[in-house]
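**Student:** Residue numbers (the working numbering), protein chains in the order written: chain F, 502 to 682; chain C, 502 to 682.
Just so you know, even glycine gets a beta-carbon here, dropped at the ideal spot from N, CA and C.
1) At a Cβ threshold of 8 Å, is residue 634/F touching chain C?
2) Are the C-beta of residue 613/F and some C-beta of chain C separated by less than 8 Å?
3) Of the residues that make up the stretch 581 to 597 of chain C, which ones have a beta carbon closer than 9 Å to any beta carbon in chain F?
4) Please report the straight-line C-alpha distance between residue 567/C and residue 618/F, rounded to a whole angstrom.
5) How about residue 553/C: is its C-beta nearer than 8 Å to some C-beta of chain F?
6) Considering residue 521/C, what are the terminal residues of the beta strand (DSSP E) in which it resides?
7) Using 8 Å as the limit for Cβ to Cβ distance, is residue 616/C near chain F?
8) Shorter than 8 Å from the beta carbon of residue 652/F to some beta carbon of chain C?
9) Measuring alpha carbon to alpha carbon, tell me which of 504/C, 512/C and 572/C ends up nearest residue 504/F.
10) Counting along the chain, where does the alpha helix (DSSP H) carrying residue 668/C start and finish?
11) For a quick check, are the C-beta atoms of residue 548/F and residue 666/F less than 8 Å apart?
12) Just list the residues that DSSP pairs residue 550/C with in beta bridges.
13) Could you tell me whether any Cβ in chain F is nearer than 8 Å to the Cβ of residue 517/C?
14) Leaving aside the five residues before and after residue 462/C along the sequence, list all residues of the same chain whose C-beta is less than 7 Å from its C-beta, in chain order.
15) Flag residue 565/F as yes if its beta-carbon sits less than 8 Å from any beta-carbon of chain C, otherwise no.
16) Quick one: residues in its chain with C-beta nearer than 6 Å to the C-beta of residue 655/C, no 5 flanking neighbours on either side, listed in chain order?
17) Let's test the definition: count the other Cβ atoms within 10 Å of the Cβ of residue 645/C and tell me whether it reaches 16, buried, or not, exposed.
18) In chain F, what lies closer than 8 Å to residue 659/C by C-beta?
19) Below 8 Å between beta carbons: does that hold for residue 624/F and residue 606/F?
20) Kindly say whether residue 549/C, judged by its beta-carbon, lies nearer than 8 Å to any beta-carbon of chain F.
21) Count the other CB atoms, across all protein chains shown, that sit within 10 Å of the CB of residue 562/F; report buried if there are 16 or more and exposed otherwise.
22) Select from 519/C, 582/C and 509/C the residue whose C-alpha is nearest the C-alpha of residue 525/C.
23) Can you pull the chain F residues whose beta carbon is under 9 Å from the beta carbon of residue 662/C, in chain order?
24) Return the first residue and the last residue of the alpha helix (DSSP H) that residue 589/F is part of.
25) Kindly list the residues whose CB is nearer than 6 Å to the CB of residue 534/F, restricted to its own chain and excluding five residues on each side of it in sequence; keep chain order.
26) For the stretch 529 to 540 of chain F, enumerate the residues whose C-beta is nearer than 9 Å to any C-beta of chain C, in chain order.
27) Go through its chain and collect everything with a Cβ distance to residue 685/C's Cβ below 6 Å, but skip five positions before and after it.
28) Leaving aside the five residues before and after residue 466/F along the sequence, list all residues of the same chain whose C-beta is less than 7 Å from its C-beta, in chain order.
29) CB residue 542/F to CB residue 519/F, shorter than 8 Å?
30) With a cut-off of 8 Å, does the C-beta of residue 505/C fall near any C-beta of chain F?
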């Protein structure tokens, strides 16, 4: 079959808390055998929380791979067997202390398709009710509030480089523009 | 300092062709020590090529982590010391056989910020001149052409799940809408 690769061998190299790494051998359509490095990750969910005044809530946290603080939409990793909608509602509560009346699916993204099977689901949360933040024990973050228009400008100006944050905000914008049209 | 993690120890677990995996120990702001898994990748560039008739060129290829064919914008990995603009022009030529008169930077994305330091740069290519595809020896892909409006619809309908593809198309749309306004 055209554009198909068959796995000949798969070796688990590292079984971590966050990722598993495999080194596989695959056969290409011309018969040639190549190595394929593969990261497996449980996947995650992110949420664009917008209040009645049109403000969006973002979180700032230290991101180890970049050795800097990044500003992102609230998000988290799927727990074993957890539904992505439930995970999104849980993260909204944990990270910004909010519940919501409306929770709209914005689609998903595959962050880095060449070597990682992670999938991130995106939601838009509206009709927010605030309670209390309840973070994981190894999690530290600050919450900021900006107008949704400002968040879109921040995406376009390169101030929010995280892929899920950019995409969830732009897809929310296109959805909201369409609802208003 | 608030929201800062200090690296206590860093161990290289795997040194591959595509990724390197490190297992680090970091000290959080409350003094607690935690493990951090970290993928390092050379980074990449993707290109949205739009011709004079408003068509965009996309590539279909087998993506090993998903065991399926995905449709994406042309893209590739940075070679050692390569400038991202040169890399984008090279990939445009290799994957769809095109050169261009205009090559506009669309910003970058960090695909998966929790555990991977990869950065992908995005460009918009206009004024296309076609020659010949010249793929890497382990690369097989098909090129398709759709209207740019159709590509935006495909993003919103979930038909192009790859993060760089979605984001480069939506950021190109916002840029083009602004130029026309």
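**Tutor:** So, to answer that:
1) Your numbering for residue 634/F matches position 133 in the first chain. No, residue 634/F does not count as interfacial toward chain C.
2) To locate residue 613/F, count along the first chain from 1; it is residue 112. Judged by the 8 Å Cβ criterion, residue 613/F is in contact with chain C.
3) none
4) Counting from one through the second chain, the residue named residue 567/C turns up at place 66. Counting from one through the first chain, the residue named residue 618/F turns up at place 117. When rounded, the distance between both Cα atoms is 6 Å.
5) Here the question's residue 553/C lines up with position 52 in the second chain. No - not a single Cβ of chain F is within 8 Å of the one on residue 553/C.
6) Start at 1 with the first residue of the second chain, and residue 521/C comes out as number 20. Here the beta strand (DSSP E) through residue 521/C covers 521 to 528.
7) Translated into positions along the second chain, residue 616/C becomes position 115. Judged by the 8 Å Cβ criterion, residue 616/C is in contact with chain F.
8) Mapped onto the first chain, residue 652/F falls at position 151. So no, residue 652/F is outside the interface.
9) Position 3 of the first chain holds residue 504/F. Among 504/C, 512/C and 572/C, the Cα nearest to that of residue 504/F is on 572/C.
10) Counted from its first residue, the second chain places residue 668/C at position 167. Counting along the chain, the alpha helix (DSSP H) containing residue 668/C begins and ends at 664 to 681.
11) For this step, residue 548/F is matched to residue 47 along the first chain. For this step, residue 666/F is matched to residue 165 along the first chain. Contact: no.
12) By 1-based counting over the second chain, the position of residue 550/C is 49. In DSSP, residue 550/C forms a bridge with 626/C.
13) In the second chain, the residue the question calls residue 517/C occupies position 16. With 8 Å as the cut-off, residue 517/C counts as an interface residue toward chain F.
14) There is no way to answer for residue 462/C, as the model of chain C reaches only from 502 to 682.
15) The residue you call residue 565/F lines up with position 64 of the first chain. Residue 565/F counts as touching chain C.
16) As a working mapping, residue 655/C is identified with position 154 in the second chain. So the qualifying residues of the chain are 661.
17) Sequence index remark: in the second chain, residue 645/C carries index 144 (1-based). Residue 645/C should be labelled exposed.
18) Indexing the second chain from 1 puts residue 659/C at position 158. What residue 659/C touches in chain F: 608 and 609.
19) On the first chain, position 123 is the one that residue 624/F refers to. On the first chain, position 105 is the one that residue 606/F refers to. Yes. Within cutoff.
20) As a first step, residue 549/C is located in the second chain; it is residue number 48 there, counting from the start. Cβ-Cβ to chain F under 8 Å: no for residue 549/C.
21) Working through the first chain from its first residue, we reach residue 562/F at position 61. So residue 562/F ends up on the buried side.
22) In the second chain, residue 525/C corresponds to position 24, counting from 1. If we check each option's Cα against that of residue 525/C, 509/C comes out closest.
23) As a first step, residue 662/C is located in the second chain; it is residue number 161 there, counting from the start. Residues of chain F passing the Cβ test: 608, 609, 610, 611, 614 and 620.
24) Here residue 589/F refers to the residue found at position 88 when the first chain is read from its first residue. 585 to 597 is the extent of the alpha helix (DSSP H) around residue 589/F.
25) Within the first chain, numbered from 1, the residue matching residue 534/F stands at position 33. So the list reads 526 and 528, once near-sequence residues are dropped.
26) 529, 530, 531, 533, 535, 536, 537, 538, 539 and 540
27) An answer regarding residue 685/C cannot be provided, because it is not within the stretch 502 to 682 covered by chain C.
28) Any question about residue 466/F goes unanswered here, given that chain F covers just 502 to 682.
29) Position 41 of the first chain, counted from the start, is the residue given in the question as residue 542/F. Position 18 of the first chain, counted from the start, is the residue given in the question as residue 519/F. For residue 542/F and residue 519/F, yes; Cβs fall inside 8 Å.
30) For the purposes of this step, residue 505/C is taken as the residue at position 4 of the second chain. Yes, residue 505/C lies at the interface with chain F (some Cβ there is under 8 Å from its Cβ).
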